[in-house]
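Structure record follows, encoded as structure tokens.
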Amino acid sequence: MAEAAQPYRHLIRVPYADVDQMKFVYYANYLVYFEMARTGLLRNAGVPYSVLEKRGVLLPVMTSHCEYRLPAHYEDLLAVDTRCTPFRGARFRIEYTVWRVGTGADETPAEETLLAEGYTDHVCMSPDGSVLRPDPVFKRIAQG
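Counting from 67, one number per residue, gives the positions in the sequence shown under the numbering used here.
Below, the structure written as structure tokens:
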């Protein structure tokens, strides 16, 4: 069996606009962080999302899921580890693990603390809505 691909790590500094009255990152913003990490994963693989779109490949989200463990706060430095799983037909899953790796404006390093885990399921689709075979970049990403 092939060894799982190493995750792509995307760093995000939590902006003030992302926190709620409790001073926690608002729960829906984790899906935005997933999107940022997903586009970073593609760019890191040499195929920015804009290139896929020019090829006529769209990647709509079919399912999203997030489990929250601990809150993130304003100015926390987050690391979103992102990996693509093998395809099931035209569908594929991207998994995310969100860690706190730093705190505060002074960029104080922090012991990595698990904050959230989740995934998004996608399908490769053309602009007219027809399902496409997966772009080869995803096989390469999933295999590392």
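Just so it is clear, CB atoms sit at the ideal spot from N, CA and C, and this is done for glycine as well.
Please read these numbers as outputs of a predicted model, since none were measured by experiment.
Of all Cβ atoms in chain B, is any one closer than 8 Å to the Cβ of residue i?
i	result
TYR185	This model lacks chain B altogether, as it is built from one protein chain only.
By DSSP, does residue i sit in helix, in strand, or in coil?
i	result
ALA83	helix
PRO152	coil
ALA103	helix
SER130	strand
GLU141	coil
VAL117	helix
Between the alpha carbons of residue i and residue j, how many angstroms are there, rounded?
i	j	result
PHE204	VAL146	19 Å
TYR93	ASN110	26 Å
TYR96	GLU177	20 Å
GLN87	ALA182	20 Å
Is the beta carbon of residue j closer than 8 Å to that of residue i?
i	j	result
ALA51	CYS150	No answer is possible for residue 51: it lies beyond the span of the chain, which begins at 67 and ends at 210.
ALA156	PRO200	yes
LEU180	ARG135	yes
Rounded to whole angstroms, how far is the Cβ of residue i from the Cβ of residue j, which I believe are closer than 8 Å?
i	j	result
LEU107	MET191	Their Cβ separation, rounded to whole angstroms, is 19 Å, which puts LEU107 and MET191 out of contact at 8 Å.
HIS76	THR148	6 Å
ALA103	TYR162	6 Å
Open item on the list: I want to know whether the stretch 172-187 touches the stretch 114-133 - three or more CB-CB distances under 8 Å.
Closed with: yes
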